[in-house]
Amino acid sequence: MTVLDKLFKGELAALARIISYIENRDEGYRRLLSRLYPRSGKALKIGFTGPPGAGKSSLVNCVAKKLLADGKQVGIIAVDPTSPFTGGALLGDRVRMSDLPTDGSVYVRSMATRGSRGGLAAATGNVTVALDAFGFDYILIETVGVGQVELDIIDTCDTVVVILVPESGDAIQALKAGLMEIADIFAINKADRPGAKNIIAALQNMLEIKREQSEWKWPVIPTEAINNKNIDELLAGILAHVECTRKSGRFERHRREQIRKKIFNILESQLNALLHDRLVDVSDLEKIVSDIYSGKSDPYTASEELFKLAPMK
Amino acid sequence: MAEKIRVLLAKPGLDGHDRGVRVIAAAFRDAGFEVIYTGLRQTPEMIVSAAIQEDVDAIGVSILSGAHMTLFPAIRKLLDERQADDIVLFGGGIIPDEDIAALEKRGVARLFTPGATTEETIAFVREAVSKRGKKEDIM
Numbered sequence: 000m001t002v003l004d005k006l007f008k009g010e011l012a013a014l015a016r017i018i019s020y021i022e023n024r025d026e027g028y029r030r031l032l033s034r035l036y037p038r039s040g041k042a043l044k045i046g047f048t049g050p051p052g053a054g055k056s057s058l059v060n061c062v063a064k065k066l067l068a069d070g071k072q073v074g075i076i077a078v079d080p081t082s083p084f085t086g087g088a089l090l091g092d093r094v095r096m097s098d099l100p101t102d103g104s105v106y107v108r109s110m111a112t113r114g115s116r117g118g119l120a121a122a123t124g125n126v127t128v129a130l131d132a133f134g135f136d137y138i139l140i141e142t143v144g145v146g147q148v149e150l151d152i153i154d155t156c157d158t159v160v161v162i163l164v165p166e167s168g169d170a171i172q173a174l175k176a177g178l179m180e181i182a183d184i185f186a187i188n189k190a191d192r193p194g195a196k197n198i199i200a201a202l203q204n205m206l207e208i209k210r211e212q213s214e215w216k217w218p219v220i221p222t223e224a225i226n227n228k229n230i231d232e233l234l235a236g237i238l239a240h241v242e243c244t245r246k247s248g249r250f251e252r253h254r255r256e257q258i259r260k261k262i263f264n265i266l267e268s269q270l271n272a273l274l275h276d277r278l279v280d281v282s283d284l285e286k287i288v289s290d291i292y293s294g295k296s297d298p299y300t301a302s303e304e305l306f307k308l309a310p311m312k
Numbered sequence: 000m001a002e003k004i005r006v007l008l009a010k011p012g013l014d015g016h017d018r019g020v021r022v023i024a025a026a027f028r029d030a031g032f033e034v035i036y037t038g039l040r041q042t043p044e045m046i047v048s049a050a051i052q053e054d055v056d057a058i059g060v061s062i063l064s065g066a067h068m069t070l071f072p073a074i075r076k077l078l079d080e081r082q083a084d085d086i087v088l089f090g091g092g093i094i095p096d097e098d099i100a101a102l103e104k105r106g107v108a109r110l111f112t113p114g115a116t117t118e119e120t121i122a123f124v125r126e127a128v129s130k131r132g133k134k135e136d137i138m
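Protein chains in written order, with numbering that gives the first Met the number 0: chain W, 0 to 312; chain H, 0 to 138.
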């Protein structure tokens, strides 16, 4: 019996092996994904993002426990950064999740970014496909601690929870592009701290106009993960978002858009490989670099000439 | 793509002295490993379950409490029961020589005691993991 057969039979150890295989892009991983894709699509994918130390892991842990109490099967992907200097990583999200049961109803996988800069690892999307095909009802995806522009999570999830803390800023921060725009739900964690009311008011203000123009009303939920406070409200907000987008058709549109992007991603990576195989390797790159360095050519002209030389079909 | 070495580090039992394990975690990270740190007060069940879910190459356990003769064999037993016997189990702590000899006979690959350098532990993991290699058909 192959590892994939064991995965389809529901063995967690097999799922873990398959995920490594996908993550390492071992030979044949594309064919493997072709086998997994047809069985995916049923799980709801919920993203959790926000600045470092906001309480993402702790909130994911709280939400997972609620879902488990409801009899759901939960897969969790927790991403932490890879060092750009050594390639190593310290994956510490499990520290906040140590009270999850070990009975197989929940699966936690820590992933390192391995060079990606969008808040997730390049393979995170593919790993959700494996979790989905395995049969989890929910997949909770936690990004690295983000700033304002690491937004890959929207391409991987149905619903995005942005987690902020009372110290996250004022009304101007709330207006900024990027992170604040991708939230479907705001959780203000550590809401027992001073300043919580101010940030909630700033967000409510910012959302006023958006809410008027949409069926979705962007809840702002004060939470205290450490005291397990308001987790019911957070989960209710998540489920309400799924229901609202399903009704409005946005759910399907969003998933179709994700598939479109995925196709282009795959094509781009294939083109990239082609580029390196056929263009860059076959030509005398160092001579071109010298020409540009000495002012005889420029990168734009050189690239255009290289492109003409390419023996592409 | 070269495979990353993934190591789970854990502290079982009630011992809360985690300075040592955090030094090792930082050293492994700097050596290019992906270190999954699970934190304090782990049971053998939690450690083995996490190791399997994370598909790690090795488990490093830090014990300073004196309970090593109970905890290491318990972890080893669970690994064997779950067909995860190819995961390298090693550890560190304040462990008497005679206990080290006994534990190394019972499936603990290596035990480091005070005075061991981080370089030694890194070299050990690289070497031990390279010998691993369960061949199985993926598809």
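Don't be surprised by glycine CBs; every beta carbon is placed ideally from N, CA and C.
Can you check whether the C-beta of residue i is within less than 8 Å of a C-beta belonging to chain H?
i: threonine 142 of chain W; result: no
i: lysine 312 of chain W; result: Interpretation of lysine 312 of chain W is limited by its pLDDT of 49, a score under 50 that renders its predicted location unreliable; the figure taken from the coordinates is listed afterwards. No, no contact with chain H.
i: valine 128 of chain W; result: no
i: asparagine 23 of chain W; result: yes
i: leucine 89 of chain W; result: yes
i: alanine 15 of chain W; result: yes
i: glycine 27 of chain W; result: yes
i: alanine 111 of chain W; result: yes
i: threonine 101 of chain W; result: yes
i: threonine 123 of chain W; result: no
i: leucine 32 of chain W; result: no
i: tyrosine 299 of chain W; result: no
i: threonine 1 of chain W; result: yes
i: alanine 132 of chain W; result: no
i: leucine 119 of chain W; result: no
i: tyrosine 36 of chain W; result: no
i: lysine 246 of chain W; result: no
i: isoleucine 18 of chain W; result: yes
i: arginine 116 of chain W; result: no
i: arginine 255 of chain W; result: no
i: tyrosine 292 of chain W; result: no
i: tyrosine 106 of chain W; result: yes
i: leucine 139 of chain W; result: no
i: leucine 11 of chain W; result: yes
i: valine 94 of chain W; result: yes
Is there a Cβ of chain W sitting closer than 8 Å to that of residue i, yes or no?
i: valine 128 of chain H; result: no
i: glutamate 80 of chain H; result: no
i: isoleucine 93 of chain H; result: no
i: arginine 18 of chain H; result: no
i: aspartate 85 of chain H; result: no
i: aspartate 29 of chain H; result: yes
i: glutamate 118 of chain H; result: no
i: isoleucine 137 of chain H; result: yes
i: alanine 24 of chain H; result: yes
i: glutamate 2 of chain H; result: yes
Buried or exposed: where does residue i fall if 16 or more other Cβ atoms within 10 Å of its Cβ makes it buried?
i: glutamine 72 of chain W; result: buried
i: glycine 114 of chain W; result: exposed
i: phenylalanine 306 of chain W; result: exposed
i: tyrosine 299 of chain W; result: exposed
i: glutamine 82 of chain H; result: exposed
i: threonine 112 of chain H; result: exposed
i: phenylalanine 47 of chain W; result: buried
i: aspartate 85 of chain H; result: exposed
i: aspartate 231 of chain W; result: exposed
i: methionine 138 of chain H; result: exposed
i: tyrosine 292 of chain W; result: exposed
i: glycine 70 of chain W; result: exposed
i: asparagine 60 of chain W; result: buried
i: valine 148 of chain W; result: exposed
i: valine 288 of chain W; result: exposed
i: phenylalanine 84 of chain W; result: exposed
Compute the beta-carbon to beta-carbon distance between residue i and residue j, rounded to the nearest angstrom, for a pair I have assumed lies under 8 Å.
i: leucine 78 of chain H; j: leucine 88 of chain H; result: 7 Å
i: isoleucine 75 of chain W; j: leucine 35 of chain W; result: 18 Å between Cβ atoms; not a contact.
i: leucine 174 of chain W; j: phenylalanine 185 of chain W; result: Wrong, their Cβ atoms sit about 14 Å apart, outside the cutoff.
i: glutamine 52 of chain H; j: leucine 6 of chain W; result: About 13 Å separates the two Cβ atoms, so there is no contact after all.
i: phenylalanine 32 of chain H; j: valine 60 of chain H; result: No, phenylalanine 32 of chain H and valine 60 of chain H are not in contact; Cβ-Cβ is about 16 Å, not under 8 Å.
Positions along the stretch 31-55 of chain H whose CB lies within less than 8 Å of some CB in chain W:
So the list reads Gly31, Phe32, Glu33, Val34, Ile35, Tyr36, Thr37, Gly38, Arg40, Gln41, Glu44, Met45, Ser48, Ala49, Ile51, Gln52, Glu53, Asp54, given in the order they occur along the chain.
Using a Cβ cut-off of 8 Å, which residues of the stretch 38-67 of chain W contact any Cβ in chain H, in chain order?
Listed in sequence order: no entries.
Would you list, in chain order, the members of the stretch 69-85 of chain W that have their beta-carbon closer than 7 Å to a beta-carbon of chain H?
Ser82, Thr85
Could you give the uninterrupted runs of the alpha helix (DSSP H) lying entirely in the stretch 207-261 of chain W, keeping only those of 4 residues or more?
230-247
With 8 Å as the limit, tell me which residues of the stretch 57-81 of chain H have their beta carbon closer than that to any beta carbon of chain W; keep them in chain order.
Arg81
Please give the ranges of any beta strand (DSSP E) in the stretch 73-158 of chain W, keeping only runs that are unbroken, at least 3 residues long and fully inside the region.
73-79, 88-90, 105-111, 137-141
Which residues, in chain order, does the stretch 147-176 of chain W contribute to contact with chain H at a C-beta distance below 7 Å?
Using a CB distance below 7 Å, no part of the stretch 147-176 of chain W faces chain H.
Entirely within the stretch 39-79 of chain H and at least 3 residues each: give me those beta strand (DSSP E) ranges in chain order.
For the stretch 39-79 of chain H, the continuous beta strand (DSSP E) assignments of 3+ residues that do not extend past its boundaries occur at 57-62, in sequence order.
In chain order, each alpha helix (DSSP H) run of at least 4 residues that lies wholly inside the stretch 81-114 of chain H
96-104
Would you mind listing the beta strand (DSSP E) stretches within the stretch 159-186 of chain W that are 3+ residues and don't spill past its ends, in chain order?
Complete beta strand (DSSP E) runs here, min 3: none at all.
The stretch 266-279 of chain W: which residues have C-beta closer than 8 Å to a C-beta of chain H, in chain order?
Nothing from the stretch 266-279 of chain W brings a Cβ to less than 8 Å from some Cβ of chain H.
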